Amino acid sequence: MSTGLNILCLDGGGVRGLSSLIILQEFMLRIQNTKAGRTIDPHEHFDLIAGTGTGGISACMLGRLQMPIKRAITEYAKLVKDVFGERKYTGSTLYKGTKLQEALKAMIRDATENEGEMMNNGHESDGCR
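The sequence shown begins at 1 in UniProt numbering and counts up one residue at a time.
The following block contains the structure:
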């Protein structure tokens with residue numbers, strides 16, 4: 001019997017996007033309780049993880065980089081501090097895009113040891129996409 005697809009979609013929200021990860025952490029703890037206490041990461045439970053804005057960043061951390069939820073929360077909090085902690089008062093945007101780019105490269109480098117890691121590894125798998 002097919003159980004269908006488990007899809008996680010994370011909304012953006014800048015600094016407030018942390019709440020999505022905290023709610024997901026509670027959800028994953030509840031799933032863990034049904035799996036005899038076995039720790040399960042989001043990429044193991046969901047077939048597809050997607051998001052918009054900063055939710056897309058969270059989706060990449062959880063899906064492609066396969067971060068456990070606790071690490072994703074830590075990385076997200078660091079990203080928010082580094083990128084959104086200092087407002088830009090000139091120009092058309094509120095925050096510096098270069099800070100976001102640098103923070104994302106550092107996060108990817110820490111997770112994969114290669115800041116240029118492709119987000120699509122070129123082959124299909126049975127895991128999260």
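No residue lacks a Cβ here, since even glycine has one placed at the ideal position from N, Cα and C. Since the model is a prediction, treat every value here as computed from it, not as a measurement.
- Item | L5 classed as buried or exposed, judged by whether at least 16 other C-beta atoms fall within 10 angstroms | exposed
- Residue(s) in a DSSP beta bridge with C49: The residue you asked about is not Cys; residue 49 is Ile in the sequence shown. According to DSSP, I49 bridges with L8.
- Item | Nearest-angstrom Cα separation, counted from L65 out to A36 | 26 Å
- Message: With a threshold of 6 Å on Cβ separation, who are the neighbours of R30 within its own chain once the five nearest residues in sequence on each side are excluded?
- Response: none
- Do you know offhand how far M28's Cα is from P42's? 7 Å
- State the CB to CB distance for the pair T54 and G17, rounded to an integer number of angstroms; the pair is presumed to be in contact (CB under 8 Å). 4 Å
- Message: On a Cα-Cα basis, can you pick out the residue from E102, A111 and A50 that is closest to C9?
- Response: A50
- Short check: CB of I7 to CB of L48, under 9 Å? yes
- With DSSP collapsed to three states, give me the class of D41. coil
- Query: Of all the options E44, T52 and G85, which has the alpha carbon lying nearest to the alpha carbon of P68?
  - Reply: E44
- Query: Is the beta carbon of S58 less than 9 Å from the beta carbon of L100?
  - Reply: no
- G14 versus T34 - alpha carbon distance: 32 Å
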